[in-house]
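Numbering (my numbering), first residue to last: 499 to 685.
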Ligand SMILES: Cc1cc2nc3c(=O)[nH]c(=O)nc-3n(C[C@H](O)[C@H](O)[C@H](O)COP(=O)(O)O)c2cc1C
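Encoded structure:
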């Protein structure tokens, strides 16, 4: 391991064990609002428990690695569906389309049966994949890491699909439709 990597790991340990909490702490509300100025898409992560579909709305999704293919999602420890997401278990990441804000709201609500009337991709019952999404990624959970009041699910990706639908955008606590106006391409 090179010295840069070792140093980064030490800093992370200090931060988690409280070494860095002696100074001023950032106000959680300011942190939430400031971090929320970074725009993202909106996903519904899914799995099954006892044969029942489980899902919740998540914006803290990121691609991590191409080889091996890894992604992450951060889930609040208070999320009632968290126990269904286990190491070795399946996970679907459904990237919502611009006309699916209602699904994002439903899968963040206290509604009993979130999947009522929701169309699934045929044959996706082991891991529910939603119809009409901009994209989906079919994964299994490789690791679960401590992330303070959240946990970090690190998942290995097996199959992926893009529909071409325009994705839903999340920014500063609001969902938006957006007209794609690419300023520059990176590929
Ligand atoms: C647009 C949006 C993004 C969200 N992102 C996250 C997230 O990244 N992580 C998280 O734990 N909760 C997130 N939530 C909140 C959860 O969806 C919500 O707390 C949900 O009720 C949890 O469901 P559960 O308690 O049934 O597991 C988000 C909600 C919305 C509407």
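Here a beta-carbon is modelled for each residue, glycine too, at the ideal position from N, C-alpha and C. Fair warning: this is a prediction, and the values are worked out from it, not measured in the lab.
Asked, Found
"Closest residue to residue 616 among 553, 662, 526, 660 (Cα-Cα distance)", "553"
"Proximal residues to residue 657 (C-beta, below 8 angstroms), its chain only, five neighbours per side dropped", "635, 636"
"Residue 583, buried or exposed, once every other Cβ within 10 Å from all chains shown has been counted against 16", "buried"
"contact_flag[the segment 663 to 674, the segment 590 to 608] where n(CB pairs < 8 angstroms) is 3 or more", "yes"
"Near ligand 1: residue 632 beta-carbon under 8 angstroms from a heavy atom", "no"
"Span of the beta strand (DSSP E) around residue 667", "667 to 669"
"First and last residue of the uninterrupted beta strand (DSSP E) at residue 568", "568 to 574"
"Residue 536: CB within 8 angstroms of a non-hydrogen atom of ligand 1", "no"
"Residue 645 - partner residues in DSSP beta bridges", "648"
"Residue nearest to residue 544 in terms of C-alpha spacing, selected from 537, 530, 563, 612", "612"
"Any non-hydrogen atom of ligand 1 closer than 8 angstroms to residue 643 Cβ", "no"
"Reduced DSSP category for residue 594 - H, G, I as helix; E, B as strand; rest coil", "coil"
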